[in-house]
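Chemist: Just add 3 to wherever you are in the sequence shown, counting from 1, and you've got the working numbering. In this text, a Cβ means the ideal position worked out from N, Cα and C, and glycines have one as well. None of these values were measured; they are calculated from a predicted model. Got a structure for you, written out below as structure tokens; questions coming shortly.
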Amino acid sequence: MAKKCILLVRVSTKKQDFTEQEKECYNLALKDGYTPSNIIIISEKESGVKLSEEERAGLTKMKQYIETDSAIDCVYSWEVSRIARRKKISFSILDYLKEHNVNLKINKPSLTLLDKDGNEIIGMSIAFSIFATMAELEAEMLKERVKRTFKKLKEENKYIGGNIPFGMMVNEQRELTLDPTVAPDVRDIFYLHAKGWSFKRIEKEMSDRGYKLTRHTIERVIKGENYKQYVDEETWNKCQEVTEQNKTFDRNKQHANIYYCKGIVRCPECGKVLWTHTSQLQYMCRECSNTKSYSINIVDSLTWYVSKIFYIGEQVNLKKEQKENALKKRDIIEKKIETVSKNLNIKNKKYSSLEEDYYVNDKIKDYTVFTNLKEKLLSQIENLKQELNLLNKQNALISKQINSELNKSYNINDFDVLTEIQKQEICQSMIEKVYCYSTEKRTIINVSIFPKNFNKPIIFEINPYTHKATTTDIILKDDWYKPHLTTKRKGRN
Ligand SMILES: [Zn+2]
4 MAKKCILLVR VSTKKQDFTE QEKECYNLAL KDGYTPSNII IISEKESGVK
54 LSEEERAGLT KMKQYIETDS AIDCVYSWEV SRIARRKKIS FSILDYLKEH
104 NVNLKINKPS LTLLDKDGNE IIGMSIAFSI FATMAELEAE MLKERVKRTF
154 KKLKEENKYI GGNIPFGMMV NEQRELTLDP TVAPDVRDIF YLHAKGWSFK
204 RIEKEMSDRG YKLTRHTIER VIKGENYKQY VDEETWNKCQ EVTEQNKTFD
254 RNKQHANIYY CKGIVRCPEC GKVLWTHTSQ LQYMCRECSN TKSYSINIVD
304 SLTWYVSKIF YIGEQVNLKK EQKENALKKR DIIEKKIETV SKNLNIKNKK
354 YSSLEEDYYV NDKIKDYTVF TNLKEKLLSQ IENLKQELNL LNKQNALISK
404 QINSELNKSY NINDFDVLTE IQKQEICQSM IEKVYCYSTE KRTIINVSIF
454 PKNFNKPIIF EINPYTHKAT TTDIILKDDW YKPHLTTKRK GRN
């Protein structure tokens, strides 16, 4: 029996057509092997006011299909908010789908409920629920923060994409291009790194050449997409390889003392920041009479888990905002192209009628008058052509950006490859504070993680005997905490 799937789409009231996003969902289903006749489309109209009823109708239909057709094994949706805006609803839907062995695939961010064998992928429910809650809040706070950043950059009259990276400049079209005065040295950074030079050695070399670059800046050059077009592909790839190798080396060698929650985990009794007892791998209070201690492995693992979910949320929102801006910019460019093309047409016509007037119709008798008019027109035409050329280039650039970079989707596991320092940075930027509670001296019973810009903590309850963590009705399975501090876990495997 051929497998079938359901596509939950929302059509705008204006057009009955699929949006670009829904098309992507459709293509994803095709890619997964569903034939067009086996893709069931449930569409609901986007109607602002009665959204909840429309939603409910769509979901009821979905359930009817699932219950009457056992061939259905997957539901596709562009984002979590298509499934439901309220956390409770999305929870019951997840349970419903799990019970019926129906998978759920979300495009943005990239989330999949079940693995190939039909088991829930660890932690996916909580990821879904957090995104649903965020959809409910429409990530207002995040949006505001992004808006503020953009506004500030605009006020400072800077390139809207952020600070100008080293070696780059913003040209008249406000595009980033390689600064020709430093281009040879920027390229050398790549060539040297490809030869195996460490960032530190390159830093020294560049310092000898008169640049004050940090290791961090050099790393950003090597990894920066902006620079990719200025070196050949082979060198670029080689550089990425060398970076990876060095990183693994570094990771084994140092970074042994990165604690994600250092400075944000607080004492439940006095509220002060807990001290990191590195040899015992425990957080504990040195400010009050609380003698309890809290496992760094558990607290950090849970905090990292929540942090990356919120980090994805922020990245997705940021890209969304950037994409909207880019689309607006492209609209303007396209309008300009239209206007310039029109003018160019007019001038071209004028030019041919001018020649006709002189050579054929004899309307213009004076040769000097004719050549003056002709030259004036030709120079106008040349200017318009140049302008059009430039606009087309801008248009191509921005379209490329919209199609590639800004359409990127994220997976919850993408961030596990980051360095310990980067993970710590993400935890500290996403999480405001963490509280632990325990009854016995060394057993954590409850970890409450308070993300910034979120209206409530994510609370994990931990079973002191099995060390399984639960939040609301979600149980993170056996390997929920893969301690990030493997090098320091003494006496255990
Ligand atoms: Zn205390």
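1. Quickly, what does DSSP pair Lys1 with across the bridge? List them, please.
2. Quick one: grab the DSSP three-state call for Pro187.
3. Ordered along the chain, which non-local residues of its own chain (more than five positions away) have a Cβ less than 8 Å from that of Glu159?
4. So, for Lys326: in the same chain, excluding its five sequence neighbours on each side, which residues have a beta-carbon less than 7 Å away from its beta-carbon?
5. Thinking C-alpha only, which one of Lys331, Ser113, Gln427 and Asp417 is nearest Tyr79?
6. Assuming Tyr3 is part of the alpha helix (DSSP H), what are its boundary residues?
7. Have a look at Asn364 and Asn375 and give me their C-alpha separation to the nearest angstrom.
8. When burial is assigned at 16 or more other CB atoms within 10 Å of the CB, is Gly494 buried or exposed?
9. Quick one: any contact between the stretch 448-467 and the stretch 323-343, if contact means 3 or more CB pairs under 8 Å?
10. Can you tell me whether Val234 is buried or exposed? The criterion is at least 16 other CB atoms within 10 Å of its CB, across all chains shown.
11. Looking only at its chain, what residues have a beta carbon closer than 7 Å to the beta carbon of Asp3, apart from the 5 residues adjacent to it on each side?
12. Look up Leu10 in the DSSP assignment and say whether it is helix, strand or coil.
13. As a quick check of your reading: which residues have a C-beta less than 6 Å from at least one non-hydrogen atom of ligand 3, in chain order?
14. Is the beta carbon of Ile69 sitting closer than 7 Å to the one on Val12?
15. Let's see if you can read the secondary structure: which residues bound the alpha helix (DSSP H) around Asn392?
16. For Glu435, I'd like the list of residues in its chain whose CB is within less than 8 Å of its CB, leaving aside the five on either flank, ordered along the chain.
17. May I have the straight-line CA-CA distance separating Ser407 from Ile9, to the nearest angstrom?
18. Could you pull the DSSP bridge partners for Val276 from this structure?
19. Mind listing, in chain order, the continuous alpha helix (DSSP H) runs of no fewer than 4 residues lying wholly within the stretch 186-252?
20. Alpha carbon to alpha carbon, what distance is there between Lys311 and Lys6?
21. So, with DSSP's three-state summary, where would you put Phe463?
22. Rounding to the nearest angstrom, what Cα-Cα distance links Asn255 and Glu423 in this structure?
23. Nearest to Ile299 by CA position, among Glu272, Tyr263 and Arg333, is which residue?
24. Please name the residue in Lys215, Cys439, Leu97 and Glu23 whose C-alpha comes closest to that of Val276.
25. Hey, could you find the ends of the alpha helix (DSSP H) Tyr29 is sitting in?
26. For His196, count neighbouring C-beta atoms within 10 Å of its own C-beta (all shown protein chains included) and say buried if the count is 16 or more, exposed if not.
27. Suppose you measure from the CA of Gly51 to the CA of Gly61; what does that come to, to the nearest Å?
28. Going by beta carbon distance, what residues of the same chain come within less than 6 Å of Gln24, once the five residues before and after it are set aside?
29. With a 10 Å radius around its C-beta and 16 neighbouring C-beta atoms as the bar for buried, classify Gly316 as buried or exposed.
30. What is the rounded straight-line gap between the Cα of Ile205 and the Cα of His103?
31. Around the Cβ of Lys295, are there at least 16 other Cβ atoms within 10 angstroms (buried) or fewer (exposed)?
32. Kindly indicate the opening and closing residues of the beta strand (DSSP E) around Cys439.
33. Would you identify the three-state DSSP class for Pro39, choosing helix, strand or coil?
34. Would you list the residues sitting across from Met287 in a DSSP beta bridge?
35. Starting from Phe453 and walking both ways along the beta strand (DSSP E), at which residues does that stretch end?
36. When the Cα atoms are used, what is the spatial distance from Tyr37 to Lys322?
Modeler: In short:
1. Lying outside 4 to 496, the shown extent of the chain, residue 1 is not represented and no answer is given.
2. Taking the first residue of the sequence shown as position 1, residue 187 is located at position 184. In this structure, Pro187 counts as helix in the three-state DSSP scheme.
3. One-based indexing of the sequence shown puts residue 159 at position 156. Per-residue confidence for Glu159 stands at a pLDDT of 46, beneath the threshold of 50, marking its modelled position as unreliable; the derived number appears in the next sentence. So the list is empty, once near-sequence residues are dropped.
4. For this step, residue 326 is matched to residue 323 along the sequence shown. If we look at Lys326 and ignore the five residues flanking it on each side, its Cβ neighbours are Ile405 and Leu409.
5. One-based indexing of the sequence shown puts residue 79 at position 76. Measuring from the Cα of Tyr79, the nearest candidate turns out to be Ser113.
6. A question about residue 3 goes unanswered here, because the residues of the chain that appear run from 4 up to 496.
7. Translated into the one-based positions of the sequence shown, residue 364 becomes position 361. Translated into the one-based positions of the sequence shown, residue 375 becomes position 372. Cα-Cα distance, rounded: 18 Å.
8. The residue given as residue 494 occupies position 491 in the sequence shown. Here Gly494 scores only 36 on pLDDT, less than 50, and its place in the model should not be relied on; the value that follows carries that caveat. Exposed, by the Cβ-count rule.
9. no
10. On the sequence shown, position 231 is the one that residue 234 refers to. Counting Cβ neighbours within 10 Å, Val234 comes out buried, since at least 16 surround it.
11. Outside the shown range of the chain, which is 4 to 496, sits residue 3, and nothing can be said about it.
12. Here residue 10 refers to the residue found at position 7 of the sequence shown. Residue state, collapsed to three classes: strand.
13. Within the structure as shown, ligand 3 is missing, the only ligands being ligand 1.
14. Here residue 69 refers to the residue found at position 66 of the sequence shown. Here residue 12 refers to the residue found at position 9 of the sequence shown. The answer is no: Cβ separation not under 7 Å.
15. For the purposes of this step, residue 392 is taken as residue 389 along the sequence shown, with counting starting at 1. Residues Tyr370 to Asn406.
16. Start at 1 with the first residue of the sequence shown, and residue 435 comes out as number 432. Only Ile267, Phe453, Pro454 and Lys455 meet the Cβ criterion.
17. Within the sequence shown, residue 407 is the residue found at index 404, counting from 1. Within the sequence shown, residue 9 is the residue found at index 6, counting from 1. About 27 Å.
18. Stepping through the sequence shown from its first residue, residue 276 is reached at position 273. Looking at the DSSP assignment, Val276 forms a beta bridge with Arg269.
19. 186-197, 202-211 and 218-226
20. If you number the sequence shown from 1, residue 6 lands on position 3. If you number the sequence shown from 1, residue 311 lands on position 308. If I take the Cα positions, the gap works out to 34 Å.
21. One-based indexing of the sequence shown puts residue 463 at position 460. Three-state result, Phe463: strand.
22. Stepping through the sequence shown from its first residue, residue 255 is reached at position 252. Stepping through the sequence shown from its first residue, residue 423 is reached at position 420. With a pLDDT of 49 at Asn255, under the threshold of 50, the predicted position of this residue should be treated as unreliable, and no value is reported.
23. By 1-based counting over the sequence shown, the position of residue 299 is 296. Here the closest residue by C-alpha is Tyr263.
24. In the sequence shown, residue 276 corresponds to position 273, counting from 1. Cα-wise, what sits closest to Val276 is Cys439.
25. Start at 1 with the first residue of the sequence shown, and residue 29 comes out as number 26. Taken as a continuous stretch (DSSP letters only), the alpha helix (DSSP H) holding Tyr29 covers Glu23 to Lys34.
26. Reading the sequence shown from its first residue, position 193 is the one you call residue 196. Under this definition His196 is a buried residue.
27. Taking the sequence shown and counting its residues from 1, one reaches residue 51 at position 48. Taking the sequence shown and counting its residues from 1, one reaches residue 61 at position 58. Legend: pLDDT at Gly51 = 40, less than 50; position of this residue unreliable, value from coordinates given subsequently. If I take the Cα positions, the gap works out to 15 Å.
28. To locate residue 24, count along the sequence shown from 1; it is residue 21. For Gln24, where only same-chain residues beyond five positions count, the Cβ hits under 6 Å are Trp81.
29. In the sequence shown, the residue the question calls residue 316 occupies position 313. Gly316 comes out buried.
30. Locating residue 205 in the sequence shown gives position 202, counting from the first residue. Locating residue 103 in the sequence shown gives position 100, counting from the first residue. Ile205 and His103: Cα-Cα distance of roughly 57 Å.
31. Counted from its first residue, the sequence shown places residue 295 at position 292. Label assigned to Lys295: buried.
32. Here the question's residue 439 lines up with position 436 in the sequence shown. Counting along the chain, the beta strand (DSSP E) containing Cys439 begins and ends at Ile434 to Ser441.
33. As a first step, residue 39 is located in the sequence shown; it is residue number 36 there, counting from the start. Correct three-state label for Pro39: helix.
34. Indexing the sequence shown from 1 puts residue 287 at position 284. Answer by DSSP bridge pairing, in chain order: Trp278 and Ser296.
35. What you label residue 453 is simply residue 450 of the sequence shown in a count that begins at 1. Run containing Phe453: Ile447 to Pro454, per the beta strand (DSSP E) assignment.
36. Within the sequence shown, numbered from 1, the residue matching residue 37 stands at position 34. Within the sequence shown, numbered from 1, the residue matching residue 322 stands at position 319. The straight-line gap from Cα to Cα measures roughly 30 Å.
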